[in-house]
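Undergrad: Have a look at the structure that comes next, please.
2 protein chains.
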Amino acid sequence: MPGRLILRRFFSSSWNGMSYVEKVRLLDYWKLHDSKLLGDFNKSQLLLMIDKKPLIVGAENGGMTLMVNSHAELKRKLGDYGLVFEPANSCLLDVVPNAANKDFVPLLGTSVRTVEPPEDSPVKREDVMKMLATTLGGRFMDLRMAMLTLAEERQRNLLATFQSLMRWADIYRRCPKCGTALKMRLSKSAAECTYCVRVYYPTFSPVAITLITDPTDEFALLVRHKGSVNGVYTCVAGFAHSGETIADCAKREIAEEIGVEAKSIRSLGLSQPWPMPDSSLMCAHHAVCNMGDEIDVCFDELESARWFSREEVAKALKRTIEDPMLRNIPRDMAQRQELVYIPPQGAIAHRLIKLWAENKFKAIK
Amino acid sequence: MPGRLILRRFFSSSWNGMSYVEKVRLLDYWKLHDSKLLGDFNKSQLLLMIDKKPLIVGAENGGMTLMVNSHAELKRKLGDYGLVFEPANSCLLDVVPNAANKDFVPLLGTSVRTVEPPEDSPVKREDVMKMLATTLGGRFMDLRMAMLTLAEERQRNLLATFQSLMRWADIYRRCPKCGTALKMRLSKSAAECTYCVRVYYPTFSPVAITLITDPTDEFALLVRHKGSVNGVYTCVAGFAHSGETIADCAKREIAEEIGVEAKSIRSLGLSQPWPMPDSSLMCAHHAVCNMGDEIDVCFDELESARWFSREEVAKALKRTIEDPMLRNIPRDMAQRQELVYIPPQGAIAHRLIKLWAENKFKAIK
């Protein structure tokens, strides 16, 4: 349970000597003590989102990362565009070394909104965003595409934290019990009702995400979500309900979405935080279903659900890896329901489907 | 994702023929359609909590279950005591067969609060509760003890659902974004803001619960939580934070609570919903730590953290199984920090510690 800090060892640690434990305890300390985090705000390193688009550097085909800015630089550059960043729009993400000062400083996320210029203005918002990106030395990217294509797990999880905390802080303004204004912590890790003294923590929900195979393990059942990008198939997924185990959830979601009762469910011991549309923690499972069982698709959720051979899945995997931004999506509606792509590498569904396509699935314990 | 229902097959199903899929879809249908659930309210079967104490039947040493009441009977018996139950105090738990009508009916949970009699009243609240329990043919039990001692997983998970939904519905009365009164669904599975049209779902958080062993697997590290019952040791546990994987959470909690960096973390693929103090989904992990690493207990959370041999743990397990209500707790403060008991069988911690004590731990895949 989130605990208060014993900094006993922290303050004695040297630049090189900060251990994992000290780092964890320092983060916890900042989460609990607004004044300390505020005191370190000017020293912080920052990730940036403008209008929910993260600032990215590096090439699309590898090496793409979230751009880290120093407080002074970001303040100056955003100031030149009339944009303000401040503690109220920021959240605490991590502890990072600051080589210049041989110090450890907060890694924050700052989320800035632009204002639409007046209709008769000669300047368009997109143009300003482009200029700003150039000034900052990076580019702004759609949040979902960034989550799907950032290669490093740490980068994706930082971005998930950033979006989840800012979204939560944006919604949790009043106590759901009594309606009193909540006092939000600077870190965005909790908010307190000053009237009924309840503390609220950022909400996110466990989700079971499940790759379904037949008993021979030669075929996988993949689904197309309603309104998803043409030609993309993925795993069944759904939010856990109160009182369910996560395996119960996997089984129920399969029944709800494709009308089939799974013969078995096993956890794969992998999980991934995901910030859209609501914050969740995706927990990977493997289900076995009979290919003979009639599929009865819930069309409120899905467009189709189909069995594919390992070869068909492997082809879609290859296509996705070669074209991670899915630029060659079929425009043709006839091809919409074909298996052309799977989700890009940043999605846990990609990881599951890849393991299965490469025949490494049964080895996961 | 929670979907709307296709009842195509449901209405054609016969009494004996209701499949798992039909059951899941009927539950979903009731969750989404208040009028349908309300229409079936008078036919429902009900679990009861009075002042947060569930109504139980059966002997303590096995066979103890939640008492199921018919709507008519419960209405009459509670009415005799001036207690009212109604849809507003009820939540949807499951679909159950009603043999009398060859029908499927909602299993609801109803939570009733009594009023403290005036100070000068000759009747005490406990006496009324005892009489009421006799009338109902069961007894009221402390919620935590019921969760810890109900033998069947299904019974515990029903009780977890019941408490989680009622607690959530009690807190979520106003939209956290705009403060408008929320419209709560009859099932307590969602609440909608009529002003900003946001839908809120019952909140519960993933928790990593971790049994720590040394690399030889001969010793386990167990902890005593602050203020817990004398002589009880258990596993490290804590709520996941936004943006963490559940394995990250397990590692961080160990660092926060006992000041040690785990060498490895693996998921055990087991989970359990738990409704107290906040609703959570406990996800079981195994961590390996070095016995030589200095333990630095976070005293805000824990009273102590100690390594025990398998023999010591096996003794505490045996004592707990023989005395599941922990009636022989050491009264002596000197024995408070001794390993006397582990949590009773209803806790996932019990399951983890038992598997390890019986040397079956490494076999879990």
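Chain order of the listed sequences is W and E.
All residue numbers for the first sequence refer to full-length UniProt numbering, where the first residue is 1 and numbers rise by one.
All residue numbers for the second sequence refer to full-length UniProt numbering, where the first residue is 1 and numbers rise by one.
All C-beta atoms in this analysis are idealised placements derived from N, C-alpha and C, irrespective of residue type, glycine included.
The model shown is predicted, which means the values in this text are computed figures rather than measured ones.
(1) Would DSSP call phenylalanine 361/E helix, strand or coil?
(2) Tell me the rounded alpha-carbon separation between arginine 266/W and leucine 165/W.
(3) When burial is assigned at 16 or more other CB atoms within 10 Å of the CB, is asparagine 157/W buried or exposed?
(4) Roughly how many angstroms lie between the CA atoms of arginine 144/W and methionine 276/W, to the nearest whole one?
(5) Whose C-alpha, out of Val207/W, Cys178/W, Pro206/W and Tyr201/W, is nearest the C-alpha of threonine 194/W?
(6) When the cut-off is 8 Å and only beta carbons count, does glutamate 21/W lie next to chain E?
(7) Does the segment 199-215 of chain W come close enough to the segment 274-289 of chain W that 3 or more CB-CB pairs lie under 8 Å?
(8) Please confirm whether valine 260/W has its beta-carbon closer than 8 Å to some beta-carbon of chain E.
(9) Which complete beta strand (DSSP E) runs does the segment 72-124 of chain W hold, if anything under 3 residues is left out?
(10) Beta-carbon within less than 6 Å of lysine 263/W's beta-carbon, same chain only, minus the 5 sequence neighbours each way: which residues are those?
(11) Within 10 Å of its beta-carbon, does threonine 320/W have 16 or more other beta-carbons around it, so buried, or fewer, so exposed?
(12) To the nearest angstrom, how far is it from the Cα of alanine 99/W to the Cα of leucine 221/E?
(13) Thinking just about the alpha-carbon of each residue, which of Tyr341/W, Glu22/W, Lys75/W and Ser271/W is nearest to the one in phenylalanine 104/W?
(14) Within its chain, find whatever has a CB closer than 8 Å to the CB of leucine 108/E; leave out the 5 residues flanking it on each side and keep chain order.
(15) If we count the other Cβ atoms within 10 Å of its Cβ and call it buried at 16 or more, is leucine 38/W buried or exposed?
(16) Can you pull the chain W residues whose beta carbon is under 8 Å from the beta carbon of threonine 203/E, in chain order?
(17) Which residues in the same chain have their Cβ closer than 8 Å to the Cβ of aspartate 326/E, if we skip the five residues on either side of it in sequence?
(18) With a cut-off of 8 Å, does the C-beta of lysine 177/E fall near any C-beta of chain W?
(19) Would you kindly work out how many angstroms separate the C-alpha atoms of leucine 159/W and serine 242/E, rounded to a whole number?
(20) For glutamate 256/E, which residues in chain W fall below 7 Å Cβ to Cβ?
(21) Cβ of threonine 210/W less than 8 Å from any chain E Cβ?
(22) Answer yes or no: do phenylalanine 239/E and serine 205/E have a C-beta to C-beta separation smaller than 8 Å?
(23) Would you list the one or two residues that DSSP bridges to methionine 49/W?
(24) Let me make sure I understand the geometry here. Which of Arg185/E, Tyr200/E, Thr234/E and Gly63/E has the alpha-carbon closest to that of alanine 151/E?
(25) In chain W, which residues lie less than 7 Å from serine 267/E when you measure between Cβ atoms?
(26) Along the segment 37-55 of chain W, where does the CB come closer than 9 Å to a CB of chain E? Name the residues.
(27) Taking only the alpha-carbon atoms, compute the straight-line gap between glutamate 148/W and glutamate 312/W and give it to the nearest angstrom.
(28) Just to confirm before moving on: does the CB-CB distance between isoleucine 258/W and alanine 305/W stay below 8 Å?
(29) Closest Cβ-Cβ distance between tyrosine 172/E and chain W: below 8 Å?
(30) Assuming contact is defined by CB atoms lying nearer than 8 Å, are lysine 188/W and tryptophan 168/W in contact in what I supplied?
(31) Go through its chain and collect everything with a Cβ distance to alanine 347/W's Cβ below 7 Å, but skip five positions before and after it.
(32) From what residue to what residue does the beta strand (DSSP E) around glutamine 337/W run?
(33) Could you please give the first and the last residue of the uninterrupted beta strand (DSSP E) stretch that includes arginine 144/W?
(34) Figure out for me which residue from Glu60/E, Lys315/E, Cys249/E and Val260/E has the closest Cα to the Cα of glycine 292/E.
(35) Does DSSP put valine 297/E in a helix, a strand or coil?
(36) In the DSSP assignment, the alpha helix (DSSP H) including threonine 320/E goes from what residue to what residue?
TA: Put simply:
(1) Coil, per DSSP.
(2) Across the structure, arginine 266/W and leucine 165/W are spaced so that their CA atoms are roughly 31 Å apart.
(3) Under this definition asparagine 157/W is a buried residue.
(4) Distance between the alpha carbons of arginine 144/W and methionine 276/W is about 8 Å.
(5) In terms of CA proximity to threonine 194/W, Cys178/W leads the group Val207/W, Cys178/W, Pro206/W and Tyr201/W.
(6) It is worth fixing the name first, because residue 21/W is valine in this sequence and not glutamate. Valine 21/W belongs to the set of residues whose beta carbon lies under 8 Å from a beta carbon in chain E.
(7) Short answer: they touch.
(8) When Cβ-Cβ separations below 8 Å define contact, valine 260/W makes contact with chain E.
(9) Every beta strand (DSSP E) of 3 residues or more that sits fully in the segment 72-124 of chain W is shown, in chain order, as 90-98 and 103-112.
(10) For lysine 263/W, where only same-chain residues beyond five positions count, the Cβ hits under 6 Å are Val288.
(11) Burial call: buried.
(12) For alanine 99/W and leucine 221/E, the gap between their C-alpha atoms comes out near 37 Å.
(13) Closest by alpha carbon: Glu22/W.
(14) Taken in chain order, the residues that qualify are Phe41, Ser44, Gln45, Leu46, Leu47, Ser90, Cys91, Leu92 and Leu93.
(15) With fewer than 16 other Cβ atoms within 10 Å, it is exposed.
(16) Thr203 and Ser205, listed in chain order.
(17) Note that residue 326/E is leucine in the sequence shown here, rather than aspartate. For leucine 326/E, where only same-chain residues beyond five positions count, the Cβ hits under 8 Å are Val229, Val232, Thr320, Tyr341 and Pro344.
(18) With 8 Å as the cut-off, lysine 177/E counts as an interface residue toward chain W.
(19) Approximately 10 Å, taken between the alpha carbons.
(20) Within chain W, the residues placing a beta-carbon under 7 Å from that of glutamate 256/E are Gly3, Val24, Arg25 and Asp28, ordered along the chain.
(21) It does not; no Cβ of chain E falls within 8 Å.
(22) In this structure, the beta-carbon distance from phenylalanine 239/E to serine 205/E falls below 8 Å.
(23) Methionine 49/W pairs with Pro54/W and Ser111/W.
(24) When each option's Cα is compared against that of alanine 151/E, the closest is Gly63/E.
(25) One finds Ser267 and Gly269 in chain W with Cβ atoms closer than 7 Å to the Cβ of serine 267/E, taken in chain order.
(26) Taking 9 Å as the Cβ-Cβ cut-off, the segment 37-55 of chain W has no residue approaching chain E.
(27) Just to set this straight, residue 148/W is leucine in the shown sequence, not glutamate. One C-alpha to the other measures close to 22 Å.
(28) For the 8 Å CB-CB criterion, isoleucine 258/W and alanine 305/W form a contact.
(29) For tyrosine 172/E, the answer is yes, since a Cβ of chain W falls inside 8 Å of its Cβ.
(30) Contact flag set, yes.
(31) Counting only Cβ-Cβ distances below 7 Å, and skipping sequence neighbours, we find Leu148.
(32) No beta strand (DSSP E) holds glutamine 337/W; DSSP gives it neither H nor E.
(33) Taken as a continuous stretch (DSSP letters only), arginine 144/W belongs to no beta strand (DSSP E), being part of the alpha helix (DSSP H) at 143-149.
(34) Of the listed residues, the one whose Cα sits closest to glycine 292/E is Val260/E.
(35) The answer is coil: DSSP assigns valine 297/E none of H, G, I, E or B.
(36) Per DSSP, the continuous alpha helix (DSSP H) segment holding threonine 320/E begins and ends at 310-322.
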